[in-house]
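Trainee: One structure, pasted below without further comment.
Protein chains: 2
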Amino acid sequence: MKVTTNRSPENTRQRILDAAFDEFHKNGFQGGSLNRIVGGAGTTKGAVFHHFKGKKDLGYAVVREIIHPHFNQQWSDPLAYSTDPITDLKRIFRQGAKKKIADGGLVHGCPVNNLAQEMSPLDEKFRKSLEKIYVAWRETVAAAFARGIKAGKVRKDVSPPKVAAFIVAAQAGMAGTAKNSQDEELLLQMSHALFDYLDSLKP
Amino acid sequence: MKVTTNRSPENTRQRILDAAFDEFHKNGFQGGSLNRIVGGAGTTKGAVFHHFKGKKDLGYAVVREIIHPHFNQQWSDPLAYSTDPITDLKRIFRQGAKKKIADGGLVHGCPVNNLAQEMSPLDEKFRKSLEKIYVAWRETVAAAFARGIKAGKVRKDVSPPKVAAFIVAAQAGMAGTAKNSQDEELLLQMSHALFDYLDSLKP
DNA sequence: TTGACGACATACCGACTGGTCTGTATTGAT
DNA sequence: ATCAATACAGACCAGTCGGTATGTCGTCAA
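Protein sequence lines, in the order shown, are assigned to chains H and W. Residues 19 to 221 in the numbering used here are what the first sequence lists, from first letter to last. Residues 19 to 221 in the numbering used here are what the second sequence lists, from first letter to last.
Okay, structure coming up:
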């Protein structure tokens, strides 16, 4: 049983997905070029159309198999069993911001947000699969706040769904405006204000 | 001095700008087609390249002459002399949301945000001219909060620039997530949470 | 050994892109 | 009336796009 040489479909497919994610992240979906993707993946059109039905299908796969899992891992999982969402959200945000700045993610912005802004009005499948990510993130935050209330770490009169919806929106907006301003200082300012808001939800 | 018949450059130019705004708002800048723009404007390529250097130049003009003034009129001007930003922001948001829903702007989102997300990493001129709008909006909000503090309508310990940066980001994020979810109810939830936040800044 | 199928590579296609070129009608100044 | 300059119209261009058709090579079952 050979591990791999050159002829390994899964490997090829994954390389295409990775290259496509990169291309779409940098140039958007419409601006993204299949020719550049096959170049980046070190393969050809034949391979792409063998593994995917077309550009859109490739786009859906990128959302489903690259963006969504990565998003869960970075944002959702750490909050899965939190009973003190205010403290934990602050920590997650700090980490996330640091990571964004470090690997230059500030330049190209949040992949979820980017694709959503560009494609959700143009393609219903894109909208739905991206909305899934937002819904999951909102539900995770809301559930954490509900637990936080029970644990006495959050004021009893806050509405978890409302607060969660607002926090998710604020996060998306912060990523977007920070990307546009290219100003780390502004990102810190906004984070500080968000933290103040979170603290205002303490009992 | 004839007012106008058919040969009126200003009119033609304006029609091109309007059609371009529409096209870019619907399909983004990269996805926007010059052919569709000339179709929508009822003119030809010759006219477009007579009035503008090219697609990018047309895009800058749309930002400068259509989006920016319109944005000021809707968001900035009503806050220009406010001494009670919390009350006034809530009113402006309510109106803005209602208008968005009414004319279907919820589908295509905020033009500033859309263009910024798509083009700011790809073209420095786009980024700068869009950043101007954000900066102006932040400064307007910050100035209003500064006056609000003096007038005793806002807590003395809030930092106007920080709060302004956060509010602007939250607004952008709310518009974006609402557009993606296509859910008016969600927009109301987020608005409610934003209002709670604003109220928490009262003395 | 052979046949069949999966996994690509390559050449190619029509559609469409932004942009140019040339011609022409209109305008205002002289 | 004349003459430039302006304001377009429309044909046309090279290049790129996503997508397809066909061929080749490796792998595995029989």
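Beta carbons: idealized from backbone N, C-alpha and C, even for Gly. None of these values were measured; they are calculated from a predicted model.
#1: For H/GLU41, count the other beta carbons within 10 Å of its own beta carbon; 16 or more makes it buried, fewer makes it exposed. Which is it?
#2: Find out if the Cβ-Cβ distance for the pair H/SER199, W/GLU149 is shorter than 8 Å.
#3: Return helix, strand or coil for H/LYS108, following the three-state DSSP convention.
#4: Can you pull the chain W neighbours of H/LEU212, defined as C-beta to C-beta under 9 Å?
#5: In the region 86–172 of chain W, which residue ranges form an unbroken beta strand (DSSP E) of at least 3 residues, counting only runs that do not cross its ends?
#6: Please list, in chain order, all residues of the same chain as H/THR61 whose beta carbon is under 8 Å from its beta carbon, the five residues on each side excluded.
#7: Any idea if H/GLY127 is buried or exposed, counting beta-carbon neighbours within 10 angstroms, 16 or more meaning buried?
#8: Is it buried or exposed, H/ASN131, if we count other Cβ atoms within 10 angstroms and call 16 or more buried?
#9: Under 8 Å, Cβ to Cβ, is there at least one residue of chain H near W/VAL159?
#10: H/THR101 to H/ALA162, Cα distance in whole Å?
#11: Compute the Euclidean distance between the alpha carbons of W/MET208 and W/LEU219, then round it to the nearest angstrom.
#12: Between which residues of its own chain and W/ALA134 is the CB-CB distance below 6 Å, once the five residues before and five after are set aside?
#13: Answer yes or no: does any C-beta atom of chain H fall closer than 8 Å to that of W/GLY127?
#14: H/GLY194 and W/ARG183 - do their beta-carbons sit closer together than 8 Å?
#15: What separation, rounded to the nearest whole angstrom, lies between the Cα atoms of W/ASP75 and W/LEU140?
#16: Is there at least one Cβ from chain W nearer than 8 Å to H/ARG145's Cβ?
#17: Between the region 105–132 of chain W and chain H, which residues of the former have a C-beta closer than 7 Å to a C-beta of the latter?
Mentor: Looking at the atomic coordinates:
#1: buried
#2: yes
#3: When DSSP states are grouped into helix, strand and coil, H/LYS108 belongs to the helix group.
#4: PHE184, ALA187, ALA188
#5: Secondary structure in the region 86–172 of chain W: no beta strand (DSSP E) run of 3 residues or longer lies completely within the stretch.
#6: THR30, ARG33, ILE34
#7: buried
#8: Classification of H/ASN131: buried, given that the 10 Å Cβ count is 16 or more.
#9: no
#10: The alpha-carbon atoms of H/THR101 and H/ALA162 are separated by roughly 6 Å.
#11: 17 Å
#12: LEU148
#13: yes
#14: According to the sequence as given, residue 183 of chain W is Ala; it is not Arg. Going by C-beta atoms, W/ALA183 is not nearer than 8 Å to H/GLY194.
#15: 14 Å
#16: yes
#17: Hits within the stretch, in order: VAL125, HIS126, GLY127, ASN131, ASN132.
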